[in-house]
Amino acid sequence: MTYQEPAAKYYKDQKSELTGVSYFGVPHTKAAFVANELCDEYGLDTVVVYPLVMWIEKCKEAGILTDANTGMPLSKFGSLEFIEVMLRKIAFRDGFGDALAQGIYAAADIVGSGAKELITDYVCDKAGRWNQYDGRLYITTGLFSAMEPRQPIQQLHDISLLIMYWLTWVKKVGESFASSDVIRAIEQKGGLCPLTLGN
0 MTYQEPAAKY
10 YKDQKSELTG
20 VSYFGVPHTK
30 AAFVANELCD
40 EYGLDTVVVY
50 PLVMWIEKCK
60 EAGILTDANT
70 GMPLSKFGSL
80 EFIEVMLRKI
90 AFRDGFGDAL
100 AQGIYAAADI
110 VGSGAKELIT
120 DYVCDKAGRW
130 NQYDGRLYIT
140 TGLFSAMEPR
150 QPIQQLHDIS
160 LLIMYWLTWV
170 KKVGESFASS
180 DVIRAIEQKG
190 GLCPLTLGN
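Under numbering that gives the first Met the number 0, the sequence shown has 171 at position 172, and the numbering climbs by one with no breaks.
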């Protein structure tokens, strides 16, 4: 989710904000769900917004971006208020939102002060998209990335979720049904992950 980690940090002591759902140890919050809904409403790509959020956090921590020079409540980073303001500013190209709307690299050039050096391992391409679903990572679904007009998330999760559950089993970092024998059995039955089929 676009705003899952920052919101989980901000609301960690406010149980009313946590949904009780967890994705690999990071709890979901109402703010994270609202952030995704707002991206949908404004027509913003969540895969581009996520690295922007992470970069803004790094710039805030480095003292490069502040409430005053962005017109956003950075002092409340992780809150629903912050993400609502940020997304509205991007969508309407209002103030600092205009720089953000140009993409992470252009925004970093506009900001200066070492902001570009804070763009690190979470950005993959010139468009500023997050590299979690880069077509080069999963060769089993690489053709989908080349042929689909949008990121083929559902097909990618058939592979990536199963791999993550298998790694959990291999590393013994939690409970997992996905032993090597289970993975082989899934492959022999056509390669469909039971999780994505609702079984």
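For every residue, glycine included, the Cβ atom is placed at its ideal position computed from N, Cα and C.
Taking Cβ positions, are residue i and residue j nearer each other than 8 Å?
i	j	result
Trp168	Ser159	no
Met71	Val84	yes
Thr1	Ala34	yes
Gly96	Ile89	yes
Gln154	Val46	no
Leu161	Ile185	yes
Ala199	Leu117	For the chain, the structure presents residues 0 to 198; residue 199 sits outside this window and is missing.
Ala114	Cys58	yes
Trp165	Ile182	yes
Tell me the residue span of the alpha helix (DSSP H) that contains residue i.
i	result
Asp12	From DSSP, Asp12 is part of no alpha helix (DSSP H); its letter is neither H nor E.
Leu203	This structure cannot settle anything about residue 203, because the visible part of the chain is limited to 0 through 198.
Ile63	Per DSSP, Ile63 belongs to no alpha helix (DSSP H) and is neither H nor E.
Ala32	The identity of residue 32 in the sequence shown is Phe, whereas the question assumes Ala. Element bounds for Phe32: Lys29 to Tyr41.
Arg202	Beyond the ends of the chain as shown, which are 0 and 198, falls residue 202; an answer cannot be given.
Report the CB separation of residue i from residue j in whole angstroms; it is logged as a contact under 8 Å.
i	j	result
Tyr49	Thr28	Rounded, the Cβ-Cβ distance is 15 Å, inconsistent with contact.
Leu43	Leu73	Not confirmed; about 19 Å, so no contact.
Pro148	Gly77	That belief does not hold up - the Cβ atoms of Pro148 and Gly77 are roughly 33 Å apart, past 8 Å.
Gly127	Gly134	Gly127 to Gly134, Cβ: 17 Å. No contact.
When the Cβ atoms of the stretch 51-66 are set against those of the stretch 97-114, are three or more pairs found closer than 8 Å? yes
Would you mind listing the alpha helix (DSSP H) stretches within the stretch 100-184 that are 4+ residues and don't spill past its ends, in chain order? 103-110, 141-146 and 152-170
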